[in-house]
Each structure stands twice: as C-alpha cells, then as structure tokens.
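First the structure, in the form of structure tokens, and then the observations on it.
2 protein chains.
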Amino acid sequence: MKILVVEDDQFHASFLQGVIAEALPEVTETLHVQDGLQGEAAARAGRFEAVVMDLQMARRNGIEAARTIWHERPRTRILFWSNYSDEAYLRGVADIVPAHSAYGYVLKTASRERLKLVLRAVLLEGQVMMDREIQRLRRRNASPRHSLSQSEYAVLLDLALGLQDRLIAERQGLSLRTVQNRLLTLYDKLGVNGEEQALPGLNKRVRALSRAISTRTLNLEMLETAQHDLECWLAARPADEKAPPTQRGDGAL
Amino acid sequence: MKILVVEDDQFHASFLQGVIAEALPEVTETLHVQDGLQGEAAARAGRFEAVVMDLQMARRNGIEAARTIWHERPRTRILFWSNYSDEAYLRGVADIVPAHSAYGYVLKTASRERLKLVLRAVLLEGQVMMDREIQRLRRRNASPRHSLSQSEYAVLLDLALGLQDRLIAERQGLSLRTVQNRLLTLYDKLGVNGEEQALPGLNKRVRALSRAISTRTLNLEMLETAQHDLECWLAARPADEKAPPTQRGDGAL
DNA sequence: ACAAATGCTGCGGGTTCCCGCAATTTCGAC
DNA sequence: GTCGAAATTGCGGGAACCCGCAGCATTTGT
Chain A
1 MKILVVEDDQ
11 FHASFLQGVI
21 AEALPEVTET
31 LHVQDGLQGE
41 AAARAGRFEA
51 VVMDLQMARR
61 NGIEAARTIW
71 HERPRTRILF
81 WSNYSDEAYL
91 RGVADIVPAH
101 SAYGYVLKTA
111 SRERLKLVLR
121 AVLLEGQVMM
131 DREIQRLRRR
141 NASPRHSLSQ
151 SEYAVLLDLA
161 LGLQDRLIAE
171 RQGLSLRTVQ
181 NRLLTLYDKL
191 GVNGEEQALP
201 GLNKRVRALS
211 RAISTRTLNL
221 EMLETAQHDL
231 ECWLAARPAD
241 EKAPPTQRGD
251 GAL
Chain B
1001 MKILVVEDDQ
1011 FHASFLQGVI
1021 AEALPEVTET
1031 LHVQDGLQGE
1041 AAARAGRFEA
1051 VVMDLQMARR
1061 NGIEAARTIW
1071 HERPRTRILF
1081 WSNYSDEAYL
1091 RGVADIVPAH
1101 SAYGYVLKTA
1111 SRERLKLVLR
1121 AVLLEGQVMM
1131 DREIQRLRRR
1141 NASPRHSLSQ
1151 SEYAVLLDLA
1161 LGLQDRLIAE
1171 RQGLSLRTVQ
1181 NRLLTLYDKL
1191 GVNGEEQALP
1201 GLNKRVRALS
1211 RAISTRTLNL
1221 EMLETAQHDL
1231 ECWLAARPAD
1241 EKAPPTQRGD
1251 GAL
C-alpha cells in the first residue's frame, strides 16, 4: 500500500509519518510533498490510492488539490487533516467529494490514538469518518436557523468579493429584487439584524462580511478561490454586457 | 536564566524547547503554557524576563498577552514566533512595544540555525531583531504609496467592523466629510479604484474590506480585537448620543 | 515672511442600498 | 385538482454612500 502525505509544516509532517508507520504497517511506501500543486502531480504520477491532505497550504490549498485528484481518480481515499474547523472548509470539502468516495476529516488537535484509528478506518477500510468537533458543527448547520443554503452561500461569496447587487443578479441569473431578498435572509442568518437593533449605525453589507469571517463561515482560502472563479467568469462573459449605455466610439466625433 | 514559552501547538513547542536547550545553555528553567491567558498569569507569577510567544492562539492571542506582560514589566524580552507575516500582526506588535524594549519577530519557517541565533540575540543580549521577510515587508510599508497611516488604519478597522460613516466620525472625533476622505485614500491605497475602472460594478466599501483581508492588511485576530475594543467604547459612550433627534417622550405630543 | 502643500470641513448631486407592499410564480401536500 | 406556503419579481421611497468643488487651518520649505 502506498500513501501520499501533502503537508507544508515539517513538524506536523514528521509526526504524521511516525503515526502512519505505527498505525499502518501494511504501508510499503510513503511520499511527502509540501503543497497542493506538488500533491496533484505526485498523485497523478504515483497513482496513490490513499492521501493525507493538509488544507491550508501555500501555493494551492488542500481543497483544490483534492478536487483535481478526485476528478482524475474518484476512488482515491483522502483524509483531510487540518488545524481548523471552519465552516468554509467543511462546505468546500462537501462540495467536491464524489459519491461513494471514502474520506475523513480530523483536526490536528486530535490525540495520537484517535488519529491512528481514523487513518485505519478511512485509508485502509474505506469508511467515511469525521472528528467529533466536525460532526457537531455539521449538525448545528443542519438546523435551518443559521445554516446557509447553497444559493445563499453563493450570494454571500459574491457579496464578499465586493460585487454590487446588479452584478450579483447577473452572475446568479436572478432579478435584482431577488438578490436583495437573499441579502436580507443573509443579514438575518448572520445575525446582523439582531445587532442592528442594539446599535443602529451599521452598514449591513460590510457587517455581514465581517461576521461571516469572524464566525468562520468564510475564510481567506475560500475568498481567494471565489476571487479566482470571479475572474474566470469575467473573462468568459461577453463584453457587451459590461456597458449597456454604449456612449461613444462608434463612428462620429 | 528562566524562560517562558507560550505556544499552543505541541509539536512546535517541543521543537522549540529542543532548540532552546541547544542554543541557550544558561537557561535553568523553562515553563511551557498553551495560550495567552496562561502566559500572562505565568509571567506575572514567575517573573520571567525572557518569553517566546506564538501569535495565533485560542483564548488570547500573543499580541494582547504581550501587551499586558509589557504593561506590568516593560523590560521583559519577548520573541514573537509566528507562522504568518501578516501586516496586521506587524502593526499590532509595533503598536505595543515599549521604548527601549528588546524584542524580535521570527517566522516558523526559519531554519533551526537562524532561530538559535535570534534566540541568543534577543533573549540573552537584549537586541531587536527581525526575520528577513519581516524586514522586507516593513520596508515596503515605509513607502507611503501603499502604506496606511495610523489614523487610516483606525478608520479601516471601523469600516471592517461595519460602522457607517457617521459612527466612524463620532468614534474618531472627525467630521463626516473627513471620514469620507479617509475612505477615499483607503480605496486608493488598497487598490479598489484601480479595479473599479476595469470592472465598474463594485461596492467599494465591501471591496476595501475584502482586499484588506486578502492582502493580509487585516486578519481575523485583529478583527476580533477591534470588535472587542468597539464593545468597550460602546459601553463607555453616553447613551444620549445614540439618538440625536429625540422624537417623543418629553411631555406634550 | 511668504508661498506652497497638506489636512479638515461643509454643500450638493447622482448613485446605490435597504426594505415595505403587493402581484405573480413555483412547488409540495392532501 | 386544489390549496397554501414559500420563492420570485416590480415599484417606490427614504437613507446611506461616493465624490467634485470650494473655503479654512495648519504645516513646511525657502
């Protein structure tokens, strides 16, 4: 059995390799790379079927790397091993995991014993397993009180990038008013309206982004991914939509 | 010589203790605690004069802990040891370091040899020392093209918290128009105006926050600290400023 | 000492945002 | 097939925001 470790912190990596050697004696070869890009290349070249992946890495983060790996070989078993239990990461992982794939999510604060257990369960036996903390967060989000639907989350991303209503509407294929309704429910679910009545001087738009970040609904990685997506979308968008009132340049003057 | 280590990642902490034992044989006692609160208490009780401090920790971050430590014993020598070179951290550290205090800033990616060197220089000889990368960032910010002045940064924090112009003005003791001027220069320095002319559909206010975060001018820790400061300021603010147009309740109607 | 530069402020207008009201559509349930 | 809840859209108004213009105050350079 071959295993690929994608982790940019050398201390964590060496600790992890020790635990792997201890928990999975059937491993014959482990390769350690430092970031997502190298991880993609290594997975492609080495045909690994078991991967341990950090999420926050320099050149390409773990979610994007996992997406391309799963895109090429959907049966790869991936264990995400991260410092943080941000909702943004959970959502990112949930968005890309293929049906029937084995994966897991463990926090770096987990005990050595727990890590060994999860390593065997996910990488060897192909189960789906999550840290206790992760499960708890996931259940909390299942209640529709505070959880964001897929489309609400998309609007939140656009808001976070600084698009104004009209552009969000165009990008999501909705009417202006609907976007504003979505924003209303966002303000509600993020708790902006609750604060507003205690302190009536808030800019709800900014406050929503601020709260999304401090509650870890959004994080830096997801923001950068969204920014990249936006640039792709802009490049693909026909140019004539940019300026409906074509003012000058056609012939005269 | 006694030394205090404040670090919540156990792997990093044990690595650090190894390096300390190697680099500073004159150390007679090292105490390791897991977060800022414990760090403050330990520094108070143990009268340490040398501290190695992580920045990103669970209960209280390194900057706040360092502030109270320095407030109680300004001659304490503190070496900050962090994963990130965010401008927000640099600014936070620069804001609290007392005059004539010895301190340093090293990245966790620094080599073992470099860490040993800085440990001796700062904690033993009382010099001021920074990582190469940190120096570079600091020089870049010295050029007034992109760097934010103290007051501009304060306005950026208020903006990031979601205050609207009027409240920012009140909080900073400025007129409304001046706040808006500050915002203009902020938009400029954060590059919002540059993007605006390429893509004319941006909400500058949100975009400014978005860029401040993705360029690491702001980060989650500083946002939370600012939020806390805001709540303190709100509590201290006289209540009658909240509603200038007193509409009802005074006798007749 | 004078001029230039920089920072702070008020005014006014054009735009965007927030959101209540109401009409219409969609969708699941019975 | 019908009913009711939820989602989607249009309209309109008041508030907040962006920003050019112009008048003072302070600071700086010569």
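Chains as they are written, first to last, in our numbering: chain A, 1 to 253; chain B, 1001 to 1253.
The beta carbon of each residue, even a glycine, is placed where N, CA and C say it ideally should be.
Just so we're clear, the structure is a prediction, and the values are computed from it rather than from any experiment.
Requested in this report: Could you tell me which chain B residues have their CB closer than 8 Å to the CB of R166/A, listed as they occur along the chain?
Outcome: For the purposes of this step, residue 166/A is taken as the residue at position 166 of the first sequence. Going along chain B in sequence order, the residues near R166/A (Cβ under 8 Å) are G1201.
Query raised in the report: Can you list the residues of chain A that E1224/B reaches, using a CB-CB cut of under 7 Å?
Result: Taking the second sequence and counting its residues from 1, one reaches residue 1224/B at position 224. What E1224/B touches in chain A: S214.
**Report entry** N- and C-terminal bounds of the alpha helix (DSSP H) containing E1026/B
**Finding:** Reading the second sequence from its first residue, position 26 is the one you call residue 1026/B. Where E1026/B is concerned, there is no enclosing alpha helix (DSSP H), given that its DSSP letter is neither H nor E.
Query raised in the report: Excluding the five sequence neighbours on either side, which residues of its own chain have a C-beta within less than 7 Å of the C-beta of R60/A, listed in chain order?
Result: Looking up residue 60/A in the first sequence gives position 60. Closer than 7 Å at the Cβ level, and outside the excluded window around R60/A, lie D35, G36 and L37.
Query raised in the report: When the Cα of L186/A is compared with those of V118/A, A94/A, G173/A and R211/A, which residue comes out closest?
Result: Counted from its first residue, the first sequence places residue 186/A at position 186. Closest option to L186/A, Cα to Cα, is R211/A.
Query - Among H1071/B, E1072/B and K1108/B, the one whose alpha carbon lies nearest that of L1079/B - result: In the second sequence, residue 1079/B corresponds to position 79, counting from 1. Selected option, being the one with the closest Cα: K1108/B.
Query raised in the report: Does the distance from the C-beta atom of R120/A to that of A23/A stay below 7 Å?
Result: Here residue 120/A refers to the residue found at position 120 of the first sequence. Here residue 23/A refers to the residue found at position 23 of the first sequence. Yes, they are a contact pair.
Query raised in the report: What residues match up with L1031/B in a beta bridge as DSSP calls it?
Result: By 1-based counting over the second sequence, the position of residue 1031/B is 31. For L1031/B, which the question treats as bridged, DSSP gives the partners L1004/B.
Query raised in the report: On the three-state DSSP scale, how would you describe Y187/A?
Result: Locating residue 187/A in the first sequence gives position 187, counting from the first residue. Helix.
Query raised in the report: Could you give the residue range of the alpha helix (DSSP H) that holds M1259/B?
Result: Summary: the structure shown does not reach residue 1259/B, with chain B confined to residues 1001 through 1253, and so no result is reported for it.
Query raised in the report: S147/A: which of G62/A, L31/A and L90/A sits nearest, CA to CA?
Result: In the first sequence, the residue the question calls residue 147/A occupies position 147. Cα-wise, what sits closest to S147/A is L90/A.
Report task. Check whether the Cβ atoms of I1003/B and A1050/B lie closer than 7 Å to each other. Result -> For the purposes of this step, residue 1003/B is identified with residue 3 of the second sequence, where counting begins at 1. For the purposes of this step, residue 1050/B is identified with residue 50 of the second sequence, where counting begins at 1. Yes, these two residues count as a Cβ contact at 7 Å.
Query raised in the report: Taking only beta-carbon atoms, is H12/A less than 7 Å away from chain B?
Result: Within the first sequence, numbered from 1, the residue matching residue 12/A stands at position 12. Interface residue, yes.
Report task. Consider the Cβ of R171/A: report whether some Cβ of chain B lies at a distance smaller than 7 Å. Result -> Along the first sequence, one-based indexing puts residue 171/A at 171. Cβ-Cβ to chain B under 7 Å: no for R171/A.
Report task. Pick out whichever of A160/A, E72/A, Y103/A and D158/A has its Cα sitting closest to the Cα of R131/A. Result -> The count along the first sequence starts at 1 and reaches residue 131/A at position 131. The residue asked about is misnamed: residue 131/A is Asp in this sequence, not Arg. Per the Cα distances, Y103/A.
Query raised in the report: From the beta carbon of F1080/B, is the nearest beta carbon of chain A less than 7 Å away?
Result: To locate residue 1080/B, count along the second sequence from 1; it is residue 80. Not one chain A Cβ lies under 7 Å of F1080/B.
Query raised in the report: Would you say V206/A faces chain B, with C-beta separation under 7 Å as the test?
Result: For this step, residue 206/A is matched to residue 206 along the first sequence. Output row for V206/A: interface = yes.
Query - Same chain, Cβ closer than 7 Å to E269/A, neighbours up to 5 away in sequence not counted - result: Any question about residue 269/A goes unanswered here, given that chain A covers just 1 to 253.
Report task. Could you tell me whether the Cβ of S1210/B comes closer than 7 Å to any Cβ of chain A? Result -> Against the second sequence, residue 1210/B aligns to sequence position 210. S1210/B counts as touching chain A.
Requested in this report: Tell me whether A154/A sits in a helix, a strand or coil according to DSSP, three-state version.
Outcome: Start at 1 with the first residue of the first sequence, and residue 154/A comes out as number 154. Of the three classes helix, strand and coil, the one that applies to A154/A here is helix, per DSSP.
Query raised in the report: Among S1111/B, R1112/B, R1067/B and A1099/B, which one has its Cα closest to the Cα of G1092/B?
Result: To locate residue 1092/B, count along the second sequence from 1; it is residue 92. Checked all of S1111/B, R1112/B, R1067/B and A1099/B; the closest Cα to G1092/B is R1067/B.
Query raised in the report: Would you call G1039/B buried or exposed, if buried means 16 or more other Cβ atoms sit within 10 Å of its Cβ?
Result: Residue 1039/B sits at position 39 when you count from the first residue of the second sequence. That one is buried.
Query - L161/A beta carbon less than 7 Å from that of L230/A - result: As a first step, residue 230/A is located in the first sequence; it is residue number 230 there, counting from the start. As a first step, residue 161/A is located in the first sequence; it is residue number 161 there, counting from the start. In this structure, L161/A lies closer than 7 Å to L230/A by Cβ.
**Report entry** Per DSSP, cross-strand counterpart(s) of F1080/B
**Finding:** The residue labelled residue 1080/B in the question sits at position 80 within the second sequence. DSSP, once it has assigned bridges, lists M1053/B and Y1105/B as partnering F1080/B.
Query raised in the report: Sorted by chain position, which residues of the same chain lie with C-beta nearer than 7 Å to H257/A's C-beta, five sequence neighbours on each side aside?
Result: The question about residue 257/A has no answer here: the residues shown for chain A are numbered 1 through 253.
Query raised in the report: Taking C-alpha atoms, which residue in G1062/B, K1116/B and D1165/B lies nearest to T1225/B?
Result: Counted from its first residue, the second sequence places residue 1225/B at position 225. Nearest C-alpha to T1225/B: G1062/B.
**Report entry** Residue range of the unbroken alpha helix (DSSP H) whose run includes R1205/B
**Finding:** The residue labelled residue 1205/B in the question sits at position 205 within the second sequence. R1205/B -> alpha helix (DSSP H) spans K1204 to S1214.
Requested in this report: Whole angstroms is fine: what's the gap from E72/A's alpha carbon to K116/A's?
Outcome: Indexing the first sequence from 1 puts residue 72/A at position 72. Indexing the first sequence from 1 puts residue 116/A at position 116. Cα to Cα, the separation comes out at about 27 Å.
Query raised in the report: By DSSP, does L1199/B sit in helix, in strand, or in coil?
Result: As a position in the second sequence, residue 1199/B is number 199, starting the count at 1. Here L1199/B sits in coil by DSSP.
Query - Opening and closing residue of the alpha helix (DSSP H) in which T1068/B lies - result: On the second sequence, residue 1068/B is found 68 positions in, with the first residue counted as 1. That run of the alpha helix (DSSP H) goes G1062 to E1072.
**Report entry** Span separating the alpha-carbon of E7/A from that of V33/A
**Finding:** Within the first sequence, numbered from 1, the residue matching residue 7/A stands at position 7. Within the first sequence, numbered from 1, the residue matching residue 33/A stands at position 33. The straight-line gap from Cα to Cα measures roughly 7 Å.
Requested in this report: Below 6 Å CB to CB, which residues in the same chain sit around V52/A once its five sequence neighbours on both sides are set aside?
Outcome: Mapped onto the first sequence, residue 52/A falls at position 52. For V52/A, where only same-chain residues beyond five positions count, the Cβ hits under 6 Å are V5, L79 and W81.
Query raised in the report: Taking any Cβ of chain B, which residues in the segment 15 to 28 of chain A have a Cβ under 9 Å from it, in chain order?
Result: F15
Query - Contact set for D250/A: own chain, Cβ-Cβ below 8 Å, skip 5 residues either direction - result: Counting from 1 along the first sequence, the entry for residue 250/A is found at position 250. Low confidence applies to D250/A: its pLDDT is 38, below 50, so where it sits in the model is not reliable, and the reading given next is rough at best. Excluding residues within five positions, none has a Cβ falling inside 8 Å.
Query raised in the report: Does the beta carbon of R248/A come closer than 7 Å to any beta carbon on chain B?
Result: For the purposes of this step, residue 248/A is taken as residue 248 along the first sequence, with counting starting at 1. Legend: pLDDT at R248/A = 39, less than 50; position of this residue unreliable, value from coordinates given subsequently. Judged by the 7 Å Cβ criterion, R248/A is not in contact with chain B.
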